[in-house]
Ligand SMILES: Cc1cc2nc3c(=O)[nH]c(=O)nc-3n(C[C@H](O)[C@H](O)[C@H](O)COP(=O)(O)O)c2cc1C
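In mature numbering (1 follows the signal peptide of the UniProt record, and there is no 0), the protein residues as written are -20 to -1, 1 to 345.
Dropping the structure here:
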């Protein structure tokens, strides 16, 4: 072989492997997109009996949940659905008392409550049991489509920048009504001084979390850097949902260690808050599982209402996750012994790539 043919053979091999990699990446994107679309098919109001109950479980799994660990299992029967906590999916560092875990169960329960009338059912959520299980009773009711039920498959945590436009007063009112619950209040902050004061606690909380190696290790455990990882597990925080490029897992891990820092994340948080129309702070009257469940339900209703109104939202929970900052936040807002549950920013912006869920069969007991 002369030098020229060696070079040509090398170039051909490179081109083949490069086009192979492109093809591979395209297949991964295609699989991720198909999975994201499949779980978000609009509700089918024609379904009855066990098929309708299965559809309610699908709705529950589409709820927001901390780190997308999906810490739930479902027992579906003809006249009730029980949501059981899956403690193997808890996050002991960011959520040591399981506040977020029970809020996630509340969000799932609320989706069932909102979707039930689509299938001519009425759903009642029972108190959290000693074992942490939540039973939802289903009885026949009037078939009734609703904006909130239709929003279940569209809701997402939208972590991009918004366009700074204010939300009209009547829509703020609707968000506030949706976000109030049994023993749960919502404070909507739209004035720059009020927003800035909470923003400084977000930065303090974020800085504390990034200084904690165990927080970073837990976060990394649930990060899914590439399309293939996201599809393989059907859970966790896919890079794309935060506006980051999808990368092969080893590259993503390396970059996360080298590039992501408290400073880079603080800059992002500041820009995200500056682009938002306001912040919503959810507050529980008492600090127990029942109230955390109710807070999750209240958030989910707020989120469905926002989605129906074309308003985007995303959590900025750093101050409620770091005890010292949570106490400062409670003091700043004059909450006394009440617990601030979540901070959510809201405003107008574009959709983001969608999170995935595990197959329903994996969460049915
Ligand atoms: C209790 C709770 C706490 C959450 N905390 C945060 C948070 O601090 N930051 C964030 O970006 N998302 C947070 N999320 C959003 C989840 O990461 C998100 O719901 C999950 O990844 C699924 O994505 P989706 O809501 O877009 O379907 C939280 C969700 C819940 C229910």
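C-beta: ideal position from N, C-alpha, C; glycine also.
Residue i beta carbon near ligand 1 (any heavy atom closer than 6 Å)
| i | result |
| --- | --- |
| residue 136 | yes |
| residue 190 | no |
| residue 257 | no |
| residue 246 | no |
| residue 83 | yes |
| residue 335 | yes |
| residue 264 | no |
| residue 44 | yes |
| residue 87 | yes |
| residue 224 | no |
| residue 282 | no |
| residue 80 | yes |
| residue 326 | no |
| residue 91 | no |
| residue 297 | yes |
Beta strand (DSSP E) segment containing residue i, residue limits
| i | result |
| --- | --- |
| residue 293 | 292 to 295 |
| residue 327 | 319 to 327 |
| residue 113 | First-last for residue 113: undefined, no H or E at that position. |
| residue 65 | 60 to 65 |
| residue 166 | 164 to 169 |
| residue 101 | 101 to 105 |
| residue 55 | 52 to 56 |
Bounding residues of the alpha helix (DSSP H) (the contiguous stretch that carries residue i)
| i | result |
| --- | --- |
| residue 213 | 207 to 213 |
| residue 334 | Element bounds for residue 334: n/a, residue is neither H nor E. |
| residue 278 | 269 to 288 |
| residue 236 | 229 to 239 |
| residue 150 | 149 to 158 |
| residue 41 | 29 to 41 |
Exposure of residue i, with buried meaning 16 or more beta-carbon neighbours within 10 Å
| i | result |
| --- | --- |
| residue 307 | exposed |
| residue 432 | This structure leaves residue 432 out entirely; the chain is present only between -20 and 345. |
| residue 261 | buried |
| residue 24 | exposed |
| residue 65 | buried |
| residue 344 | exposed |
| residue 67 | exposed |
| residue 84 | buried |
| residue 215 | buried |
Which residues DSSP lists as bridging residue i, in chain order
| i | result |
| --- | --- |
| residue 258 | 326 |
| residue 120 | 101 |
| residue 175 | The partner list for residue 175 (beta bridge, DSSP) is empty, contrary to what the question assumes. |
| residue 203 | 217 |
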